[in-house]
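Enquirer: Order-wise, the sequence lines are chains A and B.
Each residue of the first sequence is one higher than the last, beginning at 58 in my numbering.
Each residue of the second sequence is one higher than the last, beginning at 788 in my numbering.
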Amino acid sequence: MTDENIKQAIIGIINDINPDEDTSNINPAERLRDQLDLDSMDFLDIVMELRKRYGVHVPDTDYEHLASLDSCVAYLRDKMADKELVS
Amino acid sequence: MSHYDAIIIGAGMSGLGAGIRLAMFDKRVVVLERHYVWGGLNSFYQFQGHQFDVGLHAMTNYAPRGAKGLPLTRLLKQLRIRWDELDLHQQGHSAVSFPGTKLKFSNDFELLRGEVAAAFPDQIDGFDALVKAVREFNELDLDAPTQNARTIVESHISHPMLVDMIFCPLMFYGSARENDMDWDQFVVMFKSIFFEGFARPQQGVRHILKLLIDRYRRSGGELRMKTGVKRILMDGARATGVELDSGETLTAETVLSSAGLVETGRMCGQEPGAQATGKLSFTETINVLDKPARDLGIDETIIFFSNTERFNYAQPAGLCDTTSGVICMPGNFDLPEQPKDHLVRITNIANFDRWNALERDGEDSPYNRAKREWYTRSSDDVLAHIPDFRASTTLVDMFTPRTIRHYTGHEGGAVYGSPIKKRTGASGIEGLYIIGTDQGFLGIIGAMLSGISMANRWVLQRDGATVETT
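Structure follows, in structure tokens:
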């Protein structure tokens, strides 16, 4: 999976969690929480969906690495290298 | 014998909310419902060809589409339901009506603030201070110590009637305690009614339940109706499953019970403590009118009233206390089409034991005679607050504390369950958690969020922790 795919995977999950949210203009360097209506319950869902869709385990001590799209990419690059994007 | 990740007792709002969360993440989950309809306290029934809701007057916690950080939005995300699908329509305005004073409120908080400032000019600073305290309190911190709301409210507001006018709607829509509330519950109710406000789907509670049931089934959850739980199975101090009324046993890693604290305890063979059973139950009369309530000059959506300056939210000694109550006009929501039935619903506090003791057989039984008598008294006692509607009434049905017990299974017909709440869900028994009314989140949205957050806390997050260590 490319870095761009990883971003798409995260955005795809966010779109499923909140279809009423506009995710078309997310700044990848900025914290997701500051741009979108995401609380700790939603981060739990992002983690659960990563596991369900990609078999990737994110322990709760590592949630901080999911703060922005860029940090997601850095953290997930190795874990998701051999995965296919699920639409 | 079937084994599940989770067994959920009760297909009400909380049980379905929890069920959806677990099914969504591929847990093996079954929801068990004793009744033949779902919904629990928020259910529905047919009477002489009319469709009536039980419980639901209004959905509290209204939030416009995309509103950030509010309970409704949080709920929609957790259940993956789009805002549109709820089909919500807001109230016009409602009121709290006490002798000589009426405070209107709507989904715009400024209306209430202005009404308080006009009727109680020397109290508005205290009111603002109370509002600030409510705003700043984090009701989602489930581990915070419990405080009494009345002490806090009276520290800001010195006019006793205004104190009671603020408590009146909050108590009627969610308090299991007589004449006081836990502060965190007060905050939940204050925000959900006064900050956020009322709305309802065109089709009432049926619509919400249908969404939940569909969502649950699509996620792969199993639902068993007419399936009562006889007892919860234990292995030492740990819950391991349930035995059904039929004698069948089901085992599970986790049991989530929305049956109520006292009722769940009994399933584990525990006798409830003296203070554990809730005392507050209601009667409700449903009047079908020959014209919309507005045509009779009734403009409010909901009126919370007391005919005395001090509001007494307590179990009456007699069958009912008709000197206070709630009057709901479902047709006065801003609905796209006027509902088929023009209804006025009147709720009063009632005494379960008194109603339960009445012989019910026959049209002229003491139970049915009591219903007719208290219908008349209840109707008379609302006339200080709405124009006389009685000549327009074409059909009446009335439900009593016995009906509430039938739908909710709550001992004593206790609408809002036990005065003791288990905010973290921990029941004292490993593997068994309390969801719904007795966990302590209130209202329809609160009930769903209760099931959701307990499923998250005790199953999904715990699951994450297990993965971490392996």
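No residue lacks a Cβ here, since even glycine has one placed at the ideal position from N, Cα and C.
Name, please, each residue of chain A whose Cβ falls closer than 8 angstroms to the Cβ of B:Asn1243.
Expert: As a working mapping, residue 1243 of chain B is identified with position 456 in the second sequence. Neighbours of B:Asn1243 on chain A, chain order: Met98 and Leu101.
Enquirer: Helix, strand or coil, according to DSSP, for A:Glu61 in the structure here?
Expert: Translated into the one-based positions of the first sequence, residue 61 of chain A becomes position 4. A:Glu61: helix per DSSP, three-state reduction.
Enquirer: Which residues, taken in chain order from the stretch 805-829 of chain B, show a beta carbon closer than 9 angstroms to some beta carbon of chain A?
Expert: Per Cβ criterion, the list reads Met811, Phe812 and Asp813.
Enquirer: Go ahead and pull the three-state DSSP assignment for B:His987.
Expert: Your numbering for residue 987 of chain B matches position 200 in the second sequence. Here residue 987 of chain B turns out to be Arg, not His, going by the sequence shown. The answer is strand: DSSP assigns B:Arg987 an E or B state.
Enquirer: Based on the DSSP output, what are the partners of B:Ile794 in its beta bridges?
Expert: Sequence index remark: in the second sequence, residue 794 of chain B carries index 7 (1-based). DSSP lists B:Val817 and B:Val1042 as partners of B:Ile794.
Enquirer: I need the DSSP call for B:Arg852, collapsed to helix, strand or coil.
Expert: On the second sequence, residue 852 of chain B is found 65 positions in, with the first residue counted as 1. In the structure shown, B:Arg852 sits in coil (DSSP, three-state: anything other than H, G, I, E or B).
Enquirer: To the nearest angstrom, how far is the alpha carbon of B:Ile795 from that of B:Leu863?
Expert: Within the second sequence, residue 795 of chain B is the residue found at index 8, counting from 1. Within the second sequence, residue 863 of chain B is the residue found at index 76, counting from 1. Going by the C-alpha atoms only, they are around 21 angstroms apart.
Enquirer: Give the range of the beta strand (DSSP E) segment to which B:Lys889 is assigned.
Expert: Position 102 of the second sequence, counting from 1, holds the residue named residue 889 of chain B. Element bounds for B:Lys889: Thr888 to Phe892.
Enquirer: List the endpoints of the continuous alpha helix (DSSP H) containing B:Glu1146.
Expert: Residue numbering aside, residue 1146 of chain B sits at position 359 when the second sequence is read from its first letter. Note, B:Glu1146: premise wrong, no alpha helix (DSSP H); not H, not E.
Enquirer: Which residue's Cα is closest to the Cα of B:Gln989: B:Ser1237, B:Phe1176 and B:Gln877?
Expert: Counting from one through the second sequence, the residue named residue 989 of chain B turns up at place 202. Closest by alpha carbon: B:Gln877.
Enquirer: Using a C-beta to C-beta distance shorter than 7 angstroms, which residues of chain A count as neighbours of B:Lys855?
Expert: Looking up residue 855 of chain B in the second sequence gives position 68. Neighbours of B:Lys855 on chain A, chain order: Asp94.
Enquirer: Quick one: residues in its chain with C-beta nearer than 6 angstroms to the C-beta of B:Thr1027, no 5 flanking neighbours on either side, listed in chain order?
Expert: Against the second sequence, residue 1027 of chain B aligns to sequence position 240. Closer than 6 angstroms at the Cβ level, and outside the excluded window around B:Thr1027, lie Leu1020 and Thr1038.
Enquirer: For a test of the three-state rule: what should DSSP assign to B:Thr1181, helix, strand or coil?
Expert: One-based indexing of the second sequence puts residue 1181 of chain B at position 394. In the three-state scheme derived from DSSP, where H, G and I count as helix and E and B as strand, B:Thr1181 is classed as strand.
Enquirer: Considering B:Met1235, what are the terminal residues of the alpha helix (DSSP H) in which it resides?
Expert: Locating residue 1235 of chain B in the second sequence gives position 448, where the first residue counts as 1. Gly1230 to Ala1242 is the span of the alpha helix (DSSP H), which, as asked, contains B:Met1235.
Enquirer: From the DSSP output, in three-state form, read off B:Tyr1220 for me.
Expert: Start at 1 with the first residue of the second sequence, and residue 1220 of chain B comes out as number 433. Look at B:Tyr1220 here: in three-state DSSP terms it is strand.
Enquirer: Determine, for A:Pro76, whether the minimum Cβ-Cβ distance to residues of chain B falls below 8 angstroms.
Expert: As a working mapping, residue 76 of chain A is identified with position 19 in the first sequence. Chain B contact via Cβ: present.
Enquirer: Taking its Cβ as the centre, do 16 or more other Cβ atoms sit within 10 Å of B:Tyr791, making it buried, or is it exposed?
Expert: Stepping through the second sequence from its first residue, residue 791 of chain B is reached at position 4. Per the 10 Å Cβ criterion, buried.
Enquirer: Any C-beta of chain B sitting closer than 8 angstroms to the C-beta of A:Met137?
Expert: Within the first sequence, the letter at position 80 stands for residue 137 of chain A. With 8 angstroms as the cut-off, A:Met137 does not count as an interface residue toward chain B.
Enquirer: So A:Asp91 contacts chain B; which residues on that side make the cut at Cβ distance below 7 angstroms?
Expert: In the first sequence, residue 91 of chain A corresponds to position 34, counting from 1. None at all; the shortest Cβ gap to chain B is about 12 angstroms.
Enquirer: By the criterion of Cβ-Cβ separation under 9 angstroms, what are the contact partners of B:Thr1041 in chain A?
Expert: Sequence index remark: in the second sequence, residue 1041 of chain B carries index 254 (1-based). None at all; the shortest Cβ gap to chain A is about 16 angstroms.
Enquirer: Would you please verify whether the beta carbon of A:Asp127 is less than 8 angstroms from any beta carbon of chain B?
Expert: Taking the first residue of the first sequence as 1, we reach residue 127 of chain A at position 70. A:Asp127 does not count as touching chain B.
Enquirer: Just to confirm, are B:Ile1073 and B:Phe812 a CB contact at a threshold of 8 angstroms?
Expert: By one-based count along the second sequence, residue 1073 of chain B stands at place 286. By one-based count along the second sequence, residue 812 of chain B stands at place 25. For B:Ile1073 and B:Phe812, no; Cβs fall outside 8 angstroms.
Enquirer: Should B:Gly1023 be labelled buried (16 or more other beta-carbon atoms within 10 Å of its own) or exposed?
Expert: Position 236 of the second sequence holds residue 1023 of chain B. The residue is exposed, with fewer than 16 neighbouring Cβ atoms inside 10 Å.
Enquirer: Helix or strand or just coil, what does DSSP make of B:Val1049?
Expert: Within the second sequence, the letter at position 262 stands for residue 1049 of chain B. Three-state result, B:Val1049: helix.
Enquirer: Give the residues of chain B in contact with A:Lys109, contact being defined as C-beta atoms less than 7 angstroms apart.
Expert: Counting from 1 along the first sequence, the entry for residue 109 of chain A is found at position 52. In chain order: Phe812 and Asp813.
Enquirer: With a cut-off of 8 angstroms, does the C-beta of A:Glu61 fall near any C-beta of chain B?
Expert: Translated into the one-based positions of the first sequence, residue 61 of chain A becomes position 4. Output row for A:Glu61: interface = no.
Enquirer: Nearest to B:Ser1045 by CA position, among B:Lys1078, B:Leu899 and B:Gly1015, is which residue?
Expert: The residue given as residue 1045 of chain B occupies position 258 in the second sequence. Nearest of B:Lys1078, B:Leu899 and B:Gly1015 to B:Ser1045, Cα basis: B:Gly1015.
Enquirer: Quick one: which chain A residues come within Cβ less than 7 angstroms of B:Lys864?
Expert: Translated into positions along the second sequence, residue 864 of chain B becomes position 77. Ordered by position in chain A, the residues that pass the 7 angstroms Cβ test against B:Lys864 are Ile74, Asn75 and Asp99.
Enquirer: Name the two residues that bound the continuous beta strand (DSSP E) containing B:Ala920.
Expert: Position 133 of the second sequence holds residue 920 of chain B. B:Ala920 -> not in any beta strand (DSSP E); alpha helix (DSSP H) instead, spanning Ile911 to Glu923.
Enquirer: Is it buried or exposed, A:Val143, if we count other Cβ atoms within 10 angstroms and call 16 or more buried?
Expert: Numbered from 1 along the first sequence, position 86 holds the residue referred to as residue 143 of chain A. Its Cβ having fewer than 16 others within 10 Å, A:Val143 is exposed.
Enquirer: Quick one, which of B:Phe885, B:Arg993 and B:Leu1106 has its alpha-carbon nearest B:Leu843's?
Expert: Within the second sequence, numbered from 1, the residue matching residue 843 of chain B stands at position 56. B:Leu843 has its Cα closest to that of B:Arg993, out of B:Phe885, B:Arg993 and B:Leu1106.
Enquirer: Around the C-beta of B:His1172, are 16 or more other C-beta atoms found within 10 angstroms, so that it is buried, or is it exposed?
Expert: As a first step, residue 1172 of chain B must be located in the second sequence, where it is residue number 385. Buried, because 16 or more other Cβ atoms sit within 10 Å of the Cβ of B:His1172.
Enquirer: At the level of alpha carbons, what is the spacing between B:Phe1069 and B:Arg937?
Expert: Taking the first residue of the second sequence as position 1, residue 1069 of chain B is located at position 282. Taking the first residue of the second sequence as position 1, residue 937 of chain B is located at position 150. Inter-residue distance for B:Phe1069 and B:Arg937 is about 23 angstroms (C-alpha atoms, whole angstroms).
Enquirer: Taking the C-alpha atoms as reference points, what is the distance between B:Asp971 and B:Asp1225?
Expert: Position 184 of the second sequence, counted from the start, is the residue given in the question as residue 971 of chain B. Position 438 of the second sequence, counted from the start, is the residue given in the question as residue 1225 of chain B. Roughly 14 angstroms between the two C-alpha positions.
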